[in-house]
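Asks:
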Amino acid sequence: MTLERTTRLIGLYLFLGFIACIFVLPILFMVMSSFKPDLQLLSDSASLRAFLPVGDIGVDNYRDAFSRAPVGLFIFNSVFITATTLVLSLFLASIAAFSFVFIEWRGKTVVLAIIIATYILPFETVAVPLLLLVNNLPWLTTEGVTWGWLNSYQVQIVPWIIRALEIFLFVQYFRDLPRDLVESARVEGASWFQVYRRVVMPLSGPVIATVAILKFLEMYNNQFIWPIMVVQEEGLRPIMVGLLYFFQLNTAWGEIMAYLTIITVPVLAFYLVLQRAFIASIASTGVKG
Amino acid sequence: MASRLTQQNRAGWLMAGPAFLLIAAFLIIPFFMAIGFSFTNQRLVSPNPTEWVGTANYERLFGIAVLTLEAERDDDGTVRTKDGKPVFPSLRTYTRNKDGYPEFYRKREWFSFGRGDDRRTFVLATDVVFLKAVRNTLFFVVVVAPLQAAAALGLALLINRRIRGINIFRTIYFMPVVISMVVVSMLWRFIYDGQNGLLNTMLDLLTFGWFEPVDWLGQTSTALPSIMAMSIWQSVGFHMIIWLSGLQTIPESLYEAARIEGASRWQTFRHVTWPGLRNTAILVMIIITMQAFTLYPQVAVMTGGGPLDSTQSIVFQMVERGYGRQDISGGSTISVFLFLFVLSISLLQRWLTREK
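As given, the protein sequences belong to chains P and R, one line each in that order. In short: position in the first sequence from 1, add 1, done, that's my numbering. Heads up: the second sequence at position 180 corresponds to 161 in my numbering, and the numbers run straight through without jumps.
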């Protein structure tokens, strides 16, 4: 009986491990290859050496990748765009949700319904007219008003600040908070903003983490189609678009793998440290019916 | 009392206003612009004023005509052949004759099928590439949605148990989800490479040299299926998590009852697990379908729509026109078409999960 159970358990672990290999090996291959010269990379891929740090290991690929493209600048752009959008999104989505849940104001049911309805509008369906729209928008600079947002940071930030899902997640979370807390703070004379800032937000750690992770993934990982359309100036491009530099080099796979590793390792590190929060936040996008 | 209400109104609008304005400006207004532009000849930049063109953009996208031709015959009445195949009159005589055959004018062959030895039906279309993109996208959706949902359910059932170290496996299966599809596509370009690709060499290793290397992305029969397999690899973990949260809502007491009744594993799954997952199943299918309809980075990074348009997708064509050719009206028309698809899926979900 116990022997049978032990063999079945071992079989189960072997199967789990086999499936794990399917997910891990390509990623492992990417990281290992980034340290190998091209010739060795190609010959190693014919054996299990592909997944091992063996042979002529070095950081030459990284050096070459940095000299081929302004990689540091791309990283800065992505981090800047992601961080700015993230902060603005958390603030504007949470304060809007606060007013929907705790304040009675005329028109709020309609406004909330319109916002929730935009949930079924994928960005792809508005990308083309938005291209024309942003090309005709004004922007205030130190030299006065300029027209047209193409080739700028704001064109990569402002349209992405708010999505219905973020407001919806905050609204759902706020609805479960005890209303008495808000009422009593009001009775004591706190302004609405003070209630938001001092009472509600300090209790909202979990939903802030969820929205922050989703926004981070959206901005860092998935900014591709839009920057390709609106940013031709290389100095303003995010890292995913920077990959275009390595497109023509079908032979310099080592450099490509180095670039992919630079892009991916920070996200993977975040994920491995905060995996519970990552998984919880992605599961929450599926809660909505 | 009245002053308190106006004060509440002001606070409410002040707090919700910025978010609402941003959504209106960057989602709602462009959406209506797309509908408007789809009836014009709007371009990104043009010296000529924009004109109203009615439904011409839609007619161009969906213009289809069917033409059945008889094979050419020699004077004695036998079918003329070339390389063993019957010879048909040139399609150009129909598609370049505006006065004689206006319904075929400027159309190109999409596909054709034979009817007996000497007749063949040609389906002609104004915009063959777009129709191929629609067909590929639908094919992608129809294959990926059930396969990915099933694989994700399998993984969820596999890791939904309390044994030591199971969290490690959950973490690993989910890992590709946090990697950008752009990165994954670039990485898999090497894996799928026809000469030194990892997939070819690994298959060669596993079959002790029996496997013939395949140029996975270079031939029409394998390019789209390769993209499908990679897409499933990247996002199956996402749906595994959604299944898993569905599985955990099924009360333990039901499983206990099944055990007491002596139900087999399959019976337990069939009569306890599956009925409890109905709404999760609909949700998973809808999410996958929505994601699959917006297929883009894989195509842009891996194939550029080729070989021979076999991996064209709706969104790829939309970008190609709206941005590539600066044809805002053409791209907008495709956007409206895509939206109608997404809307119908969403309505279907409402209907399936309605309260009975």
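Glycine included, every Cβ here is placed at the ideal spot set by N, Cα and C.
#1: In the segment 58 to 81 of chain R, which residues sit with their C-beta less than 7 Å from some C-beta in chain P, listed in chain order?
#2: With distance defined between alpha-carbon atoms, name the residue in P/Phe124, P/Phe81, P/Trp148 and P/Val172 nearest to aspartate 10 of chain R.
#3: Bridge partners for lysine 63 of chain R per DSSP, in chain order?
#4: To which residues of the same chain is isoleucine 257 of chain P closer than 6 Å at the C-beta, ignoring the five residues directly before and after it?
#5: Identify the residues that DSSP records as bridge partners of leucine 148 of chain P: which are they?
#6: Take the Cβ of aspartate 80 of chain R as the centre, count every other Cβ of all protein chains shown within 10 Å, and call the residue buried at 16 or more, exposed below.
#7: For the segment 153 to 170 of chain P, which residues have a CB atom closer than 9 Å to at least one CB atom of chain R, in sequence order?
#8: Considering proline 280 of chain P, what are the terminal residues of the alpha helix (DSSP H) in which it resides?
#9: How big is the Cα-Cα spacing for leucine 215 of chain P and aspartate 108 of chain R?
#10: Output needed in chain order: residues of the segment 275 to 292 of chain R with a Cβ under 9 Å from some Cβ in chain P.
#11: Hey, out of R/Ile309, R/Phe320 and R/Leu329, whose CA is closest to phenylalanine 18 of chain R's CA?
#12: Locate the alpha helix (DSSP H) running through serine 185 of chain P, then write down its first and last residues.
#13: According to DSSP, phenylalanine 92 of chain R sits in a beta bridge with which residue or residues?
#14: At 7 Å on the CB atoms, spell out the chain P contacts of threonine 182 of chain R, in chain order.
#15: Going along the chain, which residues of its own chain have a beta-carbon closer than 8 Å to the beta-carbon of proline 160 of chain P, five neighbours each way excluded?
#16: Starting from the beta carbon of glutamate 125 of chain P, find every residue of chain R whose beta carbon is closer than 8 Å, and list them in chain order.
#17: Which residues in chain P have a C-beta closer than 7 Å to the C-beta of asparagine -10 of chain R? List them in chain order.
#18: Taking the alpha-carbon of isoleucine 280 of chain P as reference, which of R/Met156, R/Val123 and R/Ile147 has the nearest alpha-carbon?
#19: Could you run through the segment 227 to 240 of chain P and flag, in chain order, every residue whose CB is less than 8 Å away from some CB of chain R?
#20: Give me the Cα-Cα distance between glycine 145 of chain P and threonine 203 of chain R, rounded to the nearest whole angstrom.
#21: How would you write the range of the beta strand (DSSP E) that valine 341 of chain R sits in, first residue to last?
#22: Using a Cβ-Cβ distance cut-off of 8 Å, determine whether threonine 265 of chain P contacts chain A.
#23: Quick check: the Cα distance between threonine 142 of chain P and glutamate 219 of chain P, rounded to an integer number of angstroms?
#24: Is the segment 22 to 34 of chain R in contact with the segment 309 to 324 of chain R, if contact means three or more CB pairs nearer than 8 Å?
#25: Within 8 Å of any Cβ in chain R, is that where the Cβ of proline 27 of chain P sits?
#26: Along the chain, where does the beta strand (DSSP E) that runs through valine 47 of chain R open and close?
#27: Using a Cβ-Cβ cut-off of less than 8 Å, list which residues of the segment 117 to 145 of chain R approach chain P; keep chain order.
#28: Find out if the Cβ-Cβ distance for the pair proline 239 of chain P, phenylalanine 75 of chain P is shorter than 8 Å.
#29: To the nearest angstrom, how far is it from the Cα of lysine 289 of chain P to the Cα of leucine 333 of chain R?
#30: In whole angstroms, what separates the C-alpha of valine 158 of chain R from that of serine 79 of chain P?
#31: Leaving out five residues on either side along the sequence, give the residues of the same chain with a beta carbon under 6 Å from the beta carbon of aspartate 45 of chain P.
#32: Exposed or buried, what is proline 139 of chain P when buried is set at 16 or more other beta-carbons lying within 10 Å of its beta-carbon?
#33: If you measure from the beta carbon of asparagine 62 of chain P to each beta carbon in chain R, is any gap under 8 Å?
#34: Can you look up glycine -7 of chain R in the DSSP assignment and give me helix, strand or coil?
#35: Give me the residue from R/Ile267, R/Ile295 and R/Val265 with the minimum Cα distance to glutamine 279 of chain R.
#36: What did DSSP end up calling tryptophan 193 of chain P once you bin it into helix, strand or coil?
Replies: Based on what the coordinates show:
#1: Within the segment 58 to 81 of chain R, no residue has a Cβ that lies closer than 7 Å to any Cβ of chain P.
#2: One-based indexing of the second sequence puts residue 10 of chain R at position 29. Correcting the residue identity first, residue 10 of chain R is isoleucine in this sequence and not aspartate. Distance check between isoleucine 10 of chain R and each of P/Phe124, P/Phe81, P/Trp148 and P/Val172 places P/Phe124 closest, using alpha-carbon atoms only.
#3: One-based indexing of the second sequence puts residue 63 of chain R at position 82. Beta-bridge pairing links lysine 63 of chain R to R/Lys66.
#4: The residue you call residue 257 of chain P lines up with position 256 of the first sequence. Hits under 6 Å: Phe247.
#5: Within the first sequence, the letter at position 147 stands for residue 148 of chain P. The sequence given here has tryptophan at residue 148 of chain P, not leucine. BP columns for tryptophan 148 of chain P point to P/Pro139.
#6: In the second sequence, the residue the question calls residue 80 of chain R occupies position 99. So aspartate 80 of chain R counts as exposed.
#7: If the cut-off is 9 Å between Cβ atoms, the segment 153 to 170 of chain P has Val159, Pro160, Trp161, Ile162, Ile163, Arg164, Ala165, Glu167 and Ile168 near chain R.
#8: By 1-based counting over the first sequence, the position of residue 280 of chain P is 279. First, the residue type needs correcting, since residue 280 of chain P is isoleucine and not proline in the sequence shown. Its alpha helix (DSSP H) spans residues 276 to 286.
#9: The residue you call residue 215 of chain P lines up with position 214 of the first sequence. The residue you call residue 108 of chain R lines up with position 127 of the second sequence. The alpha-carbon separation between leucine 215 of chain P and aspartate 108 of chain R amounts to approximately 38 Å.
#10: Answer in chain order: Thr275, Tyr277, Pro278, Ala281 and Val282.
#11: Here residue 18 of chain R refers to the residue found at position 37 when the second sequence is read from its first residue. Selection R/Ile309, R/Phe320 and R/Leu329 evaluated against phenylalanine 18 of chain R yields R/Ile309 as nearest (Cα-Cα).
#12: On the first sequence, residue 185 of chain P is found 184 positions in, with the first residue counted as 1. For serine 185 of chain P, the uninterrupted alpha helix (DSSP H) run begins and ends at 180 to 188, by DSSP.
#13: Taking the first residue of the second sequence as 1, we reach residue 92 of chain R at position 111. In DSSP, phenylalanine 92 of chain R forms a bridge with R/Val104.
#14: As a first step, residue 182 of chain R is located in the second sequence; it is residue number 201 there, counting from the start. Ordered by position in chain P, the residues that pass the 7 Å Cβ test against threonine 182 of chain R are Ser46 and Ala47.
#15: By 1-based counting over the first sequence, the position of residue 160 of chain P is 159. These residues qualify, in order along the chain: Leu131, Val135 and Trp227.
#16: Counting from 1 along the first sequence, the entry for residue 125 of chain P is found at position 124. Residues of chain R passing the Cβ test: Thr275, Tyr277, Val296, Met299, Ser316 and Leu319.
#17: Within the second sequence, the letter at position 9 stands for residue -10 of chain R. Against chain P, a Cβ distance below 7 Å from asparagine -10 of chain R picks out Trp106 and Arg107.
#18: Counted from its first residue, the first sequence places residue 280 of chain P at position 279. It is R/Met156.
#19: Cβ proximity to chain R below 8 Å picks out Ile229 and Met230 from the segment 227 to 240 of chain P.
#20: The residue labelled residue 145 of chain P in the question sits at position 144 within the first sequence. The residue labelled residue 203 of chain R in the question sits at position 222 within the second sequence. Straight-line Cα distance between these residues: approximately 55 Å.
#21: Here chain R covers residues -18 to 337 and nothing more, so residue 341 of chain R does not appear.
#22: The chain inventory of the structure shown lacks chain A, comprising the protein chains P and R.
#23: To locate residue 142 of chain P, count along the first sequence from 1; it is residue 141. To locate residue 219 of chain P, count along the first sequence from 1; it is residue 218. Each residue's alpha carbon lies about 28 Å from the other.
#24: Contact between the segment 22 to 34 of chain R and the segment 309 to 324 of chain R is present: 3 or more CB-CB pairs across the two stretches fall below 8 Å.
#25: Translated into the one-based positions of the first sequence, residue 27 of chain P becomes position 26. Yes - at least one Cβ of chain R is within 8 Å of the one on proline 27 of chain P.
#26: Taking the first residue of the second sequence as position 1, residue 47 of chain R is located at position 66. Where valine 47 of chain R is concerned, the enclosing beta strand (DSSP E) stretches over 45 to 51.
#27: Within the segment 117 to 145 of chain R, the qualifying residues are Leu136, Leu139, Ile140 and Ile144.
#28: Within the first sequence, residue 239 of chain P is the residue found at index 238, counting from 1. Within the first sequence, residue 75 of chain P is the residue found at index 74, counting from 1. Yes. Within cutoff.
#29: Translated into the one-based positions of the first sequence, residue 289 of chain P becomes position 288. Translated into the one-based positions of the second sequence, residue 333 of chain R becomes position 352. Model confidence at lysine 289 of chain P stands at a pLDDT of 47, short of 50, so the residue's coordinates are unreliable and nothing is read from them.
#30: The sequence position of residue 158 of chain R within the second sequence is 177, counting from 1. The sequence position of residue 79 of chain P within the first sequence is 78, counting from 1. C-alpha separation (whole angstroms): 19 Å.
#31: Translated into the one-based positions of the first sequence, residue 45 of chain P becomes position 44. Excluding residues within five positions, the ones whose Cβ falls inside 6 Å are Ala51.
#32: Working through the first sequence from its first residue, we reach residue 139 of chain P at position 138. Exposed is the label assigned to proline 139 of chain P, since fewer than 16 other Cβ atoms lie within 10 Å of its Cβ.
#33: Taking the first sequence and counting its residues from 1, the one referred to as residue 62 of chain P is at position 61. Taking Cβ atoms only, chain R never reaches closer than 8 Å to asparagine 62 of chain P, which makes this a no.
#34: As a position in the second sequence, residue -7 of chain R is number 12, starting the count at 1. Glycine -7 of chain R: helix per DSSP, three-state reduction.
#35: Looking up residue 279 of chain R in the second sequence gives position 298. Cα-wise, what sits closest to glutamine 279 of chain R is R/Ile295.
#36: Reading the first sequence from its first residue, position 192 is the one you call residue 193 of chain P. The three-state secondary structure of tryptophan 193 of chain P, taken from DSSP, is helix.
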